[in-house]
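Chains as they are written, first to last, in the working numbering: chain A, 6 to 212; chain B, 6 to 212. Each residue gets a CB set at the ideal place from its N, CA and C atoms; glycine is no exception. As the structure is a prediction and not an experimental result, all values here were calculated from the model.
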DNA sequence: GTCTATAAGAAGATAGAC
DNA sequence: GTCTATCTTCTTATAGAC
């Protein structure tokens, strides 16, 4: 019984866990490449060298696999957005998020494909994506308010809402252009935009 | 023979043309809703009340139908972007583009879904989308240069490139947020952003 | 845990009648 | 021009052997 309590590197679930992670990564790539509808269980299974049946055995259904992919993606993203930083420093940390995205193209491909697909109310990832956007927006607003209270920036309440939405839009929009044409200088454009945002936010009597 | 030369409202192709347009509109909606992979010939045909076989007869293949959809979409978009305006007035006309998008949600859903899907090199709409982005970017740059030459704005060459990319990003990004959450005030946010862009561009010795 | 075999259905596309 | 019927292939998912 003791061996069964916690799966470890030597424990009984070692292979299962490793395999599961392999499948999730394969699925992320395939969904990023072909979308959720276009990416088939067969393709995903073939890339890790297992049968479609084994894959289904692990995740129950294609939708179960999607949930695992989205969960994994949240974890990967969360690691690289600064949760310990506050106020303006939080937005300065967004540069590192972009650097991370640049090095993990598949991750952002997955996210934007899912987001566009999930504009349909029947898409299985719709709730997840909606929540994700709400969380990001509220996070931006919260940190801008913090920055205002500490005197770092000078923004009214409606300006905070506007700037939060705009920054989100710029991030998504630049990433979209970069996906279509990888020669677009994503990091350069975003850093410049962030510089000007911060400059604008910190200017006294801005508007 | 005379009756066959040009299809008119009374000509022999009248029904065919009307039917064809119906199918293209249905396909636009279905592709917008489920993406290209997820949208099936069967669904598209059912919505216009014809058989899948008839649809294929008209367009040859699913990819042929996609081409017709993209062509139609270009025509619809082109009508509402001001080709007769130049310099700053051109960007002011972008407000009307947004108003048009707001009233034709399916069109923008189609565009953004296609764009995200087409980040994959094997997607049949990839070339089309790439060209579309290039054209838009070059259009923005051209009109900003015109505005500089006529003394309307004060921007360096690299600032023009930056502002063009950023405005494109804001449009796509705000539209994406609006698709996910229709309560987002797309027109309001964009108009405010455009106001500030124009204000920034027209400021002497901006940077 | 993983496989083969297979069910049950939907996909794109074709043939030929009307 | 549109249909029904059908082909082939591919889809997700299950059953049961090893």
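Pick helix, strand or coil for residue i, following the three-state DSSP scheme.
i: residue 102 of chain A; result: helix
i: residue 160 of chain A; result: coil
i: residue 5 of chain A; result: This structure cannot settle anything about residue 5 of chain A, because the visible part of chain A is limited to 6 through 212.
i: residue 140 of chain A; result: helix
i: residue 92 of chain B; result: coil
i: residue 63 of chain B; result: helix
i: residue 11 of chain A; result: In this predicted model, residue 11 of chain A has a pLDDT of only 47, less than 50, meaning its place in the structure is not dependable; the value taken from the coordinates is given anyway. Of the three classes helix, strand and coil, the one that applies to residue 11 of chain A here is coil, per DSSP.
i: residue 208 of chain A; result: coil
i: residue 73 of chain B; result: helix
i: residue 121 of chain A; result: helix
i: residue 195 of chain B; result: helix
Using the Cα positions of residue i and residue j, report the straight-line distance between them to the nearest angstrom.
i: residue 123 of chain A; j: residue 101 of chain B; result: 26 Å
i: residue 144 of chain A; j: residue 111 of chain A; result: 24 Å
i: residue 29 of chain A; j: residue 38 of chain B; result: 26 Å
i: residue 51 of chain B; j: residue 62 of chain B; result: 15 Å
i: residue 96 of chain A; j: residue 189 of chain A; result: 22 Å
i: residue 149 of chain A; j: residue 142 of chain A; result: 11 Å
i: residue 202 of chain A; j: residue 69 of chain B; result: 45 Å
i: residue 163 of chain B; j: residue 64 of chain B; result: 44 Å
i: residue 77 of chain A; j: residue 192 of chain B; result: 35 Å
i: residue 26 of chain A; j: residue 88 of chain A; result: 25 Å
i: residue 207 of chain A; j: residue 205 of chain B; result: 17 Å
i: residue 116 of chain A; j: residue 83 of chain B; result: 29 Å
i: residue 46 of chain B; j: residue 67 of chain A; result: 23 Å
i: residue 121 of chain A; j: residue 80 of chain B; result: 22 Å
i: residue 194 of chain A; j: residue 127 of chain A; result: 35 Å
i: residue 74 of chain A; j: residue 36 of chain A; result: 9 Å
i: residue 90 of chain A; j: residue 99 of chain A; result: 11 Å
i: residue 137 of chain B; j: residue 199 of chain A; result: 27 Å
i: residue 24 of chain A; j: residue 109 of chain A; result: 21 Å
i: residue 106 of chain B; j: residue 58 of chain A; result: 44 Å
i: residue 132 of chain A; j: residue 119 of chain B; result: 21 Å
i: residue 172 of chain B; j: residue 160 of chain B; result: 15 Å
i: residue 158 of chain A; j: residue 53 of chain A; result: 50 Å
i: residue 140 of chain A; j: residue 154 of chain B; result: 44 Å
i: residue 187 of chain B; j: residue 196 of chain B; result: 17 Å
i: residue 40 of chain B; j: residue 209 of chain B; result: 46 Å
i: residue 85 of chain A; j: residue 125 of chain B; result: 25 Å
i: residue 34 of chain A; j: residue 103 of chain B; result: 33 Å
i: residue 183 of chain A; j: residue 60 of chain A; result: 33 Å
Rounded to whole angstroms, how far is the Cβ of residue i from the Cβ of residue j, which I believe are closer than 8 Å?
i: residue 169 of chain A; j: residue 93 of chain A; result: With a Cβ gap of about 14 Å, residue 169 of chain A and residue 93 of chain A do not count as contacting.
i: residue 130 of chain A; j: residue 71 of chain A; result: 6 Å
i: residue 42 of chain A; j: residue 43 of chain B; result: 3 Å
i: residue 185 of chain B; j: residue 134 of chain A; result: 6 Å
i: residue 49 of chain A; j: residue 32 of chain A; result: 5 Å
i: residue 177 of chain B; j: residue 178 of chain A; result: 4 Å
i: residue 146 of chain B; j: residue 166 of chain B; result: 7 Å
Exercise for the section: Quick one: which unbroken alpha helix (DSSP H) runs of 4-plus residues sit fully inside the stretch 145–192 of chain A? Chain order, please. Expected result: List check, alpha helix (DSSP H) in window: 162–185.
Exercise for the section: Run through the stretch 13–60 of chain A for me and flag every whole alpha helix (DSSP H) of 4 or more residues, listed as ranges in chain order. Expected result: 19–43 and 46–53
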